[in-house]
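**Q**
Numbering (the UniProt record's numbering), first residue to last: 1 to 295.
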């Protein structure tokens with residue numbers, strides 16, 4: 001067989017760029033312009049900068065969930081599982097955003113089980129909570145957070161108790177579950193008696209809030225009375241110098257967490273829950289105001 005090599009000299013092969021592989025500088029220039037414009041918009045808009053930073057802060061809880069879940073499986077549904085998320089908040093989130101919490105009075109924690117009630121202002125509360133988190137402690141939280149992706153799964157693995165406050169049956173079941181783990185396992189239970197974040201509520205503009213704390217719900221006080229364990233009130237000082245939704249401000253800084261002396265529930269009955277709630281709320285508001293005066 002003979003190969004036909006007729007007049008091949010001088011032939012050239014042109015390589016045509018395929019679809020989507022246009023290497024012309026126009027694409028690079030276009031993307032550069034887009035990036036520069038986006039940067040200018042972000043730098044010139046305080047509101048956009050605020051939203052990006054705040055959502056990045058909140059988004060870290062989902063990232064921490066993904067990182068923590070494999071480690072939490074070794075202590076699934078046990079308070080010990082909170083150790084990894086706690087370390088991530090302390091060693092990563094807090095220094096990255098420059099937000100810290102100074103905790104006073106942790107020596108007041110009783111030896112056995114107890115119920116913690118704490119005022120709830122914003123996502124920044126988590127920085128303080130991870131600093132004062134006692135051993136064998138679980139948190140009672142909204143049921144909707146159970147389905148919040150990796151964060152929800154991490155909360156389940158940490159032994160959290162979920163409650164649907166709009167459903168009386170769900171609320172009673174959560175209360176019974178909390179009483180049982182206190183009495184049988186000696187756990188501590190942390191509850192936000194306001195039920196929602198105060199700074200978020202204020203930012204909605206729908207409600208005029210004159211007091212430093214929202215009205216307390218009775219659940220935490222019913223729980224402590226039924227389990228006959230003390231209540232430990234914890235007060236976080238104002239975070240408005242760090243986070244202000246109306247002013248679109250999110251800056252670095254410190255707030256204080258103050259642990260008040262335990263309040264005994266020994267001998268109390270459910271009929272006393274209303275007065276107990278009001279008494280502790282008054283103590284916490286007084287403490288909050290004192291922290292503001294001594295800044």
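Beta carbons: idealized from backbone N, C-alpha and C, even for Gly. Only a predicted model underlies this, so the values are computations on that prediction, with no experimental measurement involved.
1) Apply the 10 Å Cβ neighbour rule to residue 82 and answer buried if 16 or more other Cβ atoms are within range, or exposed otherwise.
2) What residue range does the alpha helix (DSSP H) around residue 97 cover?
3) With residue 119 and residue 180 assumed to form a contact (beta carbons below 8 Å), what rounded beta-carbon distance in angstroms separates them?
4) Considering only residues of the same chain and omitting the five flanking positions on each side of residue 186, which have a CB-CB separation below 8 Å?
5) May I ask you to report which of helix, strand or coil DSSP gives residue 236?
6) Counting pairs of beta carbons, one from the region 129–146 and one from the region 78–94, are three or more of them closer than 8 Å?
7) Hey, could you find the ends of the beta strand (DSSP E) residue 162 is sitting in?
8) Applying the criterion that 16 or more other CB atoms from any shown protein chain within 10 Å of the CB defines a buried residue, is residue 73 buried or exposed?
9) List in chain order: all unbroken beta strand (DSSP E) runs of 3+ residues lying wholly within the region 85–143.
10) For a quick check, are the C-beta atoms of residue 308 and residue 225 less than 7 Å apart?
11) Between which residues of its own chain and residue 289 is the CB-CB distance below 6 Å, once the five residues before and five after are set aside?
12) Need the endpoints of the alpha helix (DSSP H) that residue 149 sits in, please.
13) Distance, Cα to Cα, residue 324 vs residue 25?
14) Taking the beta carbon of residue 281 as the centre, do at least 16 other beta carbons fall within 10 Å, making it buried, or is it exposed?
15) Mapping DSSP to helix, strand and coil, what is residue 78?
16) When the Cα atoms are used, what is the spatial distance from residue 94 to residue 221?
17) Does the pairing of the region 244–255 with the region 94–109 give three or more beta-carbon distances under 8 Å?
18) Helix, strand or coil: how does DSSP classify residue 219 here?
19) Nearest CA to the CA of residue 262: which residue from 219, 107, 246, 45?
20) Cα-Cα, which of 242, 246, 178, 215 is closest to residue 116?
21) What does DSSP give as the partner residue(s) for residue 244 in the beta ladder?
22) Specify the secondary structure class of residue 292 as computed by DSSP and reduced to three states.
23) Could you tell me which residues DSSP pairs with residue 62 in its beta bridges?
24) Check the C-beta distance from residue 260 over to residue 283 and give it rounded, since I have them as a contact under 8 Å.
25) With the cut-off set at 7 Å, would you say residue 159 and residue 78 are in Cβ contact?
26) What residues are listed by DSSP as bridge partners for residue 231?
27) Helix or strand or just coil, what does DSSP make of residue 214?
28) Below 7 Å between beta carbons: does that hold for residue 175 and residue 140?
29) Can you check DSSP and say which residues form a bridge with residue 190?
30) Comparing C-alpha positions only, which one of 124, 35, 161 sits nearest to residue 59?
**A** Looking at the coordinates:
1) Residue 82 counts as buried, since no fewer than 16 other beta carbons sit within 10 angstroms of its beta carbon.
2) Note, residue 97: alpha helix (DSSP H), 94–97.
3) Not quite, the Cβ-Cβ distance comes to about 27 Å (not below 8 Å), so this is no contact.
4) Counting only Cβ-Cβ distances below 8 Å, and skipping sequence neighbours, we find 112, 113, 136.
5) DSSP places residue 236 in strand when its eight states are reduced to three.
6) Yes, the region 129–146 is in contact with the region 78–94.
7) Counting along the chain, the beta strand (DSSP E) containing residue 162 begins and ends at 161–163.
8) It counts as exposed.
9) Taking 3 residues as the minimum length, the beta strand (DSSP E) runs contained wholly in the region 85–143 are 99–104, 115–118, 137–142, in order along the chain.
10) Residue 308 falls outside the range modelled here, since the chain spans only 1 to 295, and no answer is possible.
11) Cβ contact annotation for residue 289 (same chain, cutoff 6 Å, sequence separation greater than five): none.
12) Under the DSSP assignment, residue 149 falls in the alpha helix (DSSP H) whose first and last residues are 149–157.
13) The first residue shown for the chain is 1 and the last is 295, placing residue 324 beyond what the model contains.
14) With a threshold of 16 other beta carbon atoms within 10 Å, residue 281 meets it and is buried.
15) Here residue 78 sits in coil by DSSP.
16) Approximately 31 Å between the Cα atoms of the pair.
17) The region 244–255 vs the region 94–109: in contact.
18) Taken through DSSP and simplified to helix, strand or coil, residue 219 comes out as helix.
19) It is 107.
20) It is 178 whose Cα lies nearest to the Cα of residue 116.
21) DSSP links residue 244 through a beta bridge to 249.
22) Here residue 292 carries a helix assignment [DSSP, helix/strand/coil].
23) Beta-bridge pairing links residue 62 to no other residue.
24) The pair is a contact, with the Cβ atoms about 6 Å apart (cut-off 8 Å).
25) Going by C-beta atoms, residue 159 is nearer than 7 Å to residue 78.
26) 115, 263.
27) Residue 214: coil per DSSP, three-state reduction.
28) In this structure, residue 140 does not lie closer than 7 Å to residue 175 by Cβ.
29) For residue 190, which the question treats as bridged, DSSP gives the partners 116, 139.
30) Selected option, being the one with the closest Cα: 124.
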